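Written out below as structure tokens is the structure these notes cover.
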Amino acid sequence: MKGKATSFDIAYKAGVSQSTVSRALRNSPLVNEETRKKVQQIAKELNYKVDKNASNLRSQQSDTIALLLFEDSTSDDSAINPFFLSMLGSITRACANRGYDLLVSFQQASNDWHADFEDSNKADGLILLGYGDYVDFAEKLVKLTEQGTHFVRWGAEVSDVPITAIGSDNFNGGKVVTEHVIKQGRTQLAFLGSASSHAPEFFERYKGHCQALNDSGLTVNPKLQINALYTEDAGYKAANELLDSGESFDAICAACDLIAIGAMRALTERGIKIPEDIAVVGFDDIAVASFTFPPLTTVKQDTKLAGELLVESLLSSIEGSDVKTTLIPPQLIIRKSCH
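In terms of this note's numbering, the sequence shown has 64 at position 74, counting the first letter as 1, and numbering is strictly consecutive.
Structure follows, in structure tokens:
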């Protein structure tokens, strides 16, 4: 063969279309493994190298994914919820394995942050992590859909906004961890975390919490649910509010680990022993959860699988396939804060 091999040469030898060759060389899940290996072997034999610039010009694609993080209040200068840090690593690896670059940025406060990437060919699609108040955020998701932007988000499935998400099975996670607390003989369980559509993931965890109480014949006491969002400081304040309320309780189920860690600090400052006096459980299994005192019982979300599914779903959408919301089963992690 004279001159440089092209993707059409590979397609001819493999007996497939040129578009199938392009997908196979990107490790697209739309191409079965046998065909993918065959195409990649022929490409290797022909010493074929992807001309990324020419490919991008033909397809009007940048071969870049934009990851937009919500800027959270944190105890350090990162402004990134620590739960998302391990997921960020998984997303980076998944992009590299598929031949995509990753552009990481914060979601801007302006109303048009969502239009800055795909429209300007900075990225072929968006991955969204975090959202603040979901009621406000949902409006931006609707705009993204209306303008035909390819995107996928990490979060709860929300019935009134039929938009693809990869998320944890928050209801069952909340149910399983509450069942564990009840099995330890606790009967008056408090819940620290928002229980409204403003934070649908927390709301699902609270619903699972209430289901476990009902299944065990225990009363759901609305006075034992205290609103809190995402941070240690919020958990600290919520726990102090609960303690000052005079309501009797023997366990705290926190909507996330950061809230649980803040609650543990509030209890410790008041001389309350964990778990002897009050058991505490969280949700997420962030890195620090195993280093609290005592180590925190929690619910693990599979961030490695989450990152892979976010990238796979987004690329499938870019390639024209229908993608559906996927909920990942959570795993109970038992440590000394409730055992």
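For glycine and all other residues, C-beta sits at the position ideal for the given N, C-alpha and C. Nothing here was measured: the structure is a model prediction, and the numbers come from that model.
Practice task
Out of C328, K173, A296 and S327, state which residue places its alpha-carbon closest to the alpha-carbon of T315.
Solution key: For T315, the closest C-alpha among the options C328, K173, A296 and S327 is that of A296.
Problem - CA nearest to the CA of F73, picked from S306, A279 and T287 - result: Its Cα nearest to that of F73, the residue A279 stands out among S306, A279 and T287.
Exercise for the section: At 4 residues or longer, and completely inside the stretch 281 to 311: list those alpha helix (DSSP H) runs for me, N to C. Expected result: Counting only runs of 4 or more, we get 293 to 308.
Exercise for the section: Would you be able to state if there are at least three C-beta pairs under 8 Å between the stretch 294 to 309 and the stretch 247 to 265? Expected result: No, the stretch 247 to 265 is not in contact with the stretch 294 to 309.
Problem - Same chain, Cβ closer than 6 Å to K294, neighbours up to 5 away in sequence not counted - result: Taken in chain order, the residues that qualify are S80.
Handout entry: Of the listed residues A4, D240, T25 and E23, nearest to L36 (C-alpha basis)
Key = Cα-wise, what sits closest to L36 is A4.
Problem - Unbroken beta strand (DSSP E) run spanning R255, endpoints - result: Premise fails: R255 lies in the alpha helix (DSSP H), D247 to E259, not in any beta strand (DSSP E).
Problem - The alpha helix (DSSP H) enclosing T168, as first and last residue numbers - result: It spans N160 to K173 - the alpha helix (DSSP H) in which T168 sits, taken as one unbroken run.
Problem - Cβ contact check for the stretch 172 to 180 and the stretch 149 to 164: 3 or more pairs under 8 Å - result: Not touching, per the Cβ criterion.
Handout entry: Stretch-stretch touch, CB-based, cutoff 8 Å, three pairs: the stretch 231 to 250 with the stretch 181 to 200
Key = These segments touch.
Handout entry: Local conformation of A228 per DSSP, three classes
Key = DSSP places A228 in helix when its eight states are reduced to three.
Practice task
With DSSP as the reference, label L203 as helix, strand or coil.
Solution key: Here L203 sits in helix by DSSP.
Handout entry: Beta-carbon proximity list for S306, same chain, < 6 Å, skipping 5 on both sides
Key = Result list for S306: V313, in chain order.
Problem - Euclidean distance between Cα positions of A99 and L59 - result: Confidence is the limiting factor: at A99 the pLDDT is only 49, short of 50, which leaves the residue's position unreliable, though a coordinate-based value still follows. Answer to the nearest angstrom: the Cα atoms are 12 Å apart.
Practice task
Below 8 Å on the Cβ atoms is my guess for V142 versus S303; work out the distance and round it to an integer in Å.
Solution key: Rounded to whole angstroms, the Cβ separation of V142 and S303 is 5 Å, and the two are in contact under 8 Å.
Problem - Distance, G272 Cα to E191 Cα - result: Answer to the nearest angstrom: the Cα atoms are 13 Å apart.
Handout entry: Collapsed DSSP secondary structure at T316 in the structure displayed
Key = Note: T316 maps to strand in three-state DSSP.
Handout entry: Host beta strand (DSSP E) of I262 (start-end)
Key = First-last for I262: undefined, no H or E at that position.
Handout entry: Start-to-end residues for the alpha helix (DSSP H) that takes in C85
Key = Note, C85: alpha helix (DSSP H), F73 to N87.
Problem - Whole-Å CB distance - E231 paired with I251, under 8 Å assumed - result: At roughly 17 Å, the Cβ-Cβ gap does not stay under 8 Å, so E231 and I251 are not in contact.
Handout entry: Own chain, CB closer than 6 Å to K290, minus 5 neighbours either side, in chain order
Key = Exclusion of the five residues before and after K290 leaves D275, Q321 and I323 as the residues of its chain whose Cβ lies within less than 6 Å of its Cβ.
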